[in-house]
Each structure stands twice: as C-alpha cells, then as structure tokens.
Amino acid sequence: MRAAGSAREGVRTVFEAVATELERQGFVRGCQFNNLAHELSLADTDFRTALAGIFAAWRKAIADKVRADQQAGREQGTDAQRFAALAVATYSGAMSMAKTAQDAGVLRDCLNALELGASPAARGGAKRRRRVLLRPRTP
Numbered sequence: 001m002r003a004a005g006s007a008r009e010g011v012r013t014v015f016e017a018v019a020t021e022l023e024r025q026g027f028v029r030g031c032q033f034n035n036l037a038h039e040l041s042l043a044d045t046d047f048r049t050a051l052a053g054i055f056a057a058w059r060k061a062i063a064d065k066v067r068a069d070q071q072a073g074r075e076q077g078t079d080a081q082r083f084a085a086l087a088v089a090t091y092s093g094a095m096s097m098a099k100t101a102q103d104a105g106v107l108r109d110c111l112n113a114l115e116l117g118a119s120p121a122a123r124g125g126a127k128r129r130r131r132v133l134l135r136p137r138t139p
C-alpha cells in the first residue's frame with residue numbers, strides 16, 4: 001500500500017494480484033487470515049484481539065494513504081476511515097464469496113463495485129443517510 005501511487009491504486013493492485021494468483025492456481029482456498037477469523041475469533045479472546053489488530057492495521061494503512069492523497073490534492077471528498085473500512089470489508093467478503101463459488105472473478109466484480117460506489121463522483125452530492133436500521137423504541 002505504501003509503495004502505491006494512490007490508495008485506490010494500492011487497493012486495486014491487491015485485488016488484481018490476488019485474483020490473478022487464484023486464477024493461476026486454479027482453485028480458491030480463501031484468505032487464510034479470514035478463514036482463521038471466521039473459525040477462531042469466538043474461541044479465544046487473545047486470538048480475537050490479535051485478529052482485530054491485524055484488521056485495524058490494514059484499515060490504518062489504507063486510511064493513511066488516502067490522507068496522503070488528500071495532502072497531494074486528490075481524494076478531497078473521501079472519508080479516509082470509511083473508505084479503508086469499506087475496502088477491507090469488500091476484500092474480506094469477496095474472498096469468502098470467491099471461495100464458495102471457486103471463482104476468482106468475484107474479486108474483480110467486487111473491486112469494480114468498490115471503485116464505482118466509493119468514488120466521490122458516485123455520491124453525487126446526495127445527502128447520506130446516517131442510520132440504516134432504526135433503533136427499537138423503548139416503552
């Protein structure tokens with residue numbers, strides 16, 4: 001990520017490199033880290049803390065790169081923290097879906113959706129809803 005020309009370029013490079021490698025090997029085992037997170041995060045508190053730290057480090061690396069892009073005059077309409085969380089969640093979900101479908105193309109599909117949906121132009125200045133689910137009313 002640090003060596004990429006921009007945060008978006010870094011994210012794109014990771015998705016494309018992983019998809020290319022999975023296609024080369026001819027099968028998808030999934031992301032080893034995600035596999036561990038899915039299976040063991042409830043079993044061990046220390047393990048869960050370590051996993052959360054790795055996810056946080058991934059998000060921080062992406063958010064830091066977005067902030068560097070902003071200092072260079074790019075990504076002015078992008079919330080660094082949210083973009084980073086969305087990129088990591090998209091990658092994690094894409095790997096799970098690719099494993100289930102045994103199709104690395106899912107990574108490219110999710111990357112395309114991420115690039116379209118996370119761009120400042122895609123938001124078009126529309127007012128963002130703050131809450132998707134309503135809180136239950138208390139009697």
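full-length UniProt numbering applies: residue 1 is where the sequence shown begins, and numbers increase by one. Don't be surprised by glycine CBs; every beta carbon is placed ideally from N, CA and C. This one's a predicted model, so the numbers in the text were calculated from it and none came from an experiment.
- For E115, the CB contacts under 8 Å within the same chain, skipping 5 residues up- and downstream, are R8 and R12 in chain order.
- V28 and A104 do touch by the CB rule: their CB atoms are close to 6 Å apart, below 8 Å.
- Per DSSP, the unbroken alpha helix (DSSP H) holding S92 starts and ends at A80 to A101.
- Rounded to whole angstroms, the gap between the alpha carbons of K99 and F83 is 24 Å.
- Within the region 6-73, the complete alpha helix (DSSP H) segments of 4 residues or longer fall at 7-25, 32-40 and 45-71, listed in chain order.
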